[in-house]
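Enquirer: Position 83 of the sequence shown, counted from 1, bears residue number 83 in the UniProt record's numbering, the numbering being contiguous throughout.
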Amino acid sequence: MDDRLVPEQLACTVVIPCRDEALALPTVFRTIPDGMNVIVVDNGSTDGTADVARSLGAEVVYEDVAGYGAAVHAGILAATAPLVAVLDGDGSMDPADLPELVSVVSRRTATMAIGRRRPEGKGVWPWHARAGTAVLAWWIRRSSGFGVHDLAPMRVCRRDDLLALDITDRRFGYPLELMIKASRAGWTVHERDIVYRSRARGTKSKVSGTLLGTWRTIVDFAGVLT
Numbered sequence: 001m002d003d004r005l006v007p008e009q010l011a012c013t014v015v016i017p018c019r020d021e022a023l024a025l026p027t028v029f030r031t032i033p034d035g036m037n038v039i040v041v042d043n044g045s046t047d048g049t050a051d052v053a054r055s056l057g058a059e060v061v062y063e064d065v066a067g068y069g070a071a072v073h074a075g076i077l078a079a080t081a082p083l084v085a086v087l088d089g090d091g092s093m094d095p096a097d098l099p100e101l102v103s104v105v106s107r108r109t110a111t112m113a114i115g116r117r118r119p120e121g122k123g124v125w126p127w128h129a130r131a132g133t134a135v136l137a138w139w140i141r142r143s144s145g146f147g148v149h150d151l152a153p154m155r156v157c158r159r160d161d162l163l164a165l166d167i168t169d170r171r172f173g174y175p176l177e178l179m180i181k182a183s184r185a186g187w188t189v190h191e192r193d194i195v196y197r198s199r200a201r202g203t204k205s206k207v208s209g210t211l212l213g214t215w216r217t218i219v220d221f222a223g224v225l226t
């Protein structure tokens, strides 16, 4: 068990929204901190993601409404721990970074703790996705006062606080709406660097893997801003 975790920090559910991530999940689960319950939300997978998740010890929740926000929301509703963490199931982020974020929220140093992606090498983060994130993060800094440089790809907060924000976006605009409503609610945000690596072999990004995927995400973000 990770010595950095205290009992309250162990009271955290990790929500992993997934669609066709059967090949990636074993990598993700290798570094899930001891004591954390994991909910994998299967968002229409056809590759046996749910079966793999169960074999790794996760609770599986099914969400038929397609979309990142829909999957995350389903996982948050299913969680029972006071703290919730959210991260992608593609193997690009290391769950070993979670304890530091959990500690910040557990000790009420900030309302939400988020990870800032630091690519492990060239080509890990496509230029079009990175540029779009930079622009939106700049807008968030100007409009909210949050000193953030990423859109909370890995994040930890209290479940009740998150549900109280009443986030309605069910697609890729969810993280942006989260940041906007968190600012209006008077949240404080702590950001720290996290490892960002290439996603697992044999899997493909639903967002940044193509220009079309990035464009669809931009459209979702625009819907939140209007």
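Positions of the beta carbon are idealized from the N, C-alpha and C atoms, including for glycine.
Can you tell me whether P17 is buried or exposed, with buried defined as 16 or more other CB within 10 angstroms of its CB?
Expert: To locate residue 17, count along the sequence shown from 1; it is residue 17. P17 is buried by the Cβ-count criterion.
Enquirer: Run through the DSSP bridge pairs and tell me what A113 is partnered with.
Expert: Translated into positions along the sequence shown, residue 113 becomes position 113. In DSSP, A113 forms a bridge with V156, H190.
Enquirer: Compare the beta carbon distance of E21 and I39 with 8 Å and say whether it is the shorter of the two.
Expert: Stepping through the sequence shown from its first residue, residue 21 is reached at position 21. Stepping through the sequence shown from its first residue, residue 39 is reached at position 39. Cβ atoms of E21 and I39: not closer than 8 Å.
Enquirer: What residues are listed by DSSP as bridge partners for L83?
Expert: In the sequence shown, counting from the first residue as 1, residue 83 sits at position 83. In the DSSP assignment, the residues bridged to L83 are C12, R158.
Enquirer: State the Cα-Cα distance for the pair P175 and G132, rounded to the nearest angstrom.
Expert: Position 175 of the sequence shown holds residue 175. Position 132 of the sequence shown holds residue 132. In a straight line, the C-alpha of P175 is about 14 Å away from that of G132.
Enquirer: Between G67 and I167, what straight-line distance do the alpha-carbon atoms span, to the nearest angstrom?
Expert: As a first step, residue 67 is located in the sequence shown; it is residue number 67 there, counting from the start. As a first step, residue 167 is located in the sequence shown; it is residue number 167 there, counting from the start. If I take the Cα positions, the gap works out to 14 Å.
Enquirer: Could you tell me the distance, in whole angstroms, from the CA atom of R159 to the CA atom of A79?
Expert: Within the sequence shown, the letter at position 159 stands for residue 159. Within the sequence shown, the letter at position 79 stands for residue 79. Looking at the two C-alpha atoms, the distance is approximately 8 Å.
Enquirer: Does A71 pass the burial test, meaning 16 or more other C-beta atoms within 10 Å, or should it be called exposed?
Expert: Position 71 of the sequence shown, counting from 1, holds the residue named residue 71. The residue is buried, with at least 16 neighbouring Cβ atoms inside 10 Å.
Enquirer: Between D2 and the rest of its own chain, which residues show a CB-CB distance below 7 Å, the 5 nearest in sequence each way excluded?
Expert: Reading the sequence shown from its first residue, position 2 is the one you call residue 2. Unreliable positioning characterises D2 in this predicted model, as indicated by a pLDDT of 48, which lies under 50. The coordinate reading is nonetheless provided below. Excluding positions up to five away in sequence, the list reads P33, D34, P99.
Enquirer: Spatial neighbours of V124 within its chain, please: CB distance less than 7 Å, with the 5 preceding and 5 following residues excluded, ordered by chain position.
Expert: Looking up residue 124 in the sequence shown gives position 124. Contacts found: Y196, R197, S198.
Enquirer: Could you tell me which residues DSSP pairs with I39 in its beta bridges?
Expert: Locating residue 39 in the sequence shown gives position 39, where the first residue counts as 1. I39 is bridged to V15, E59.
Enquirer: Alpha helix (DSSP H) containing R184: first to last residue?
Expert: By one-based count along the sequence shown, residue 184 stands at place 184. Note, R184: alpha helix (DSSP H), 174 to 184.
Enquirer: Alpha carbon to alpha carbon, how far is I140 from V148? Give it in angstroms, no decimals.
Expert: On the sequence shown, position 148 is the one that residue 148 refers to. On the sequence shown, position 140 is the one that residue 140 refers to. Distance between the alpha carbons of V148 and I140: 8 Å.
Enquirer: Per DSSP, what kind of secondary structure is P99 in: helix, strand or coil?
Expert: Here residue 99 refers to the residue found at position 99 when the sequence shown is read from its first residue. P99: helix per DSSP, three-state reduction.
Enquirer: Considering only the alpha carbon of each residue, which of R171, W127, L83, T46 lies closest to M112?
Expert: As a position in the sequence shown, residue 112 is number 112, starting the count at 1. Out of R171, W127, L83, T46, L83 has the C-alpha closest to the C-alpha of M112.
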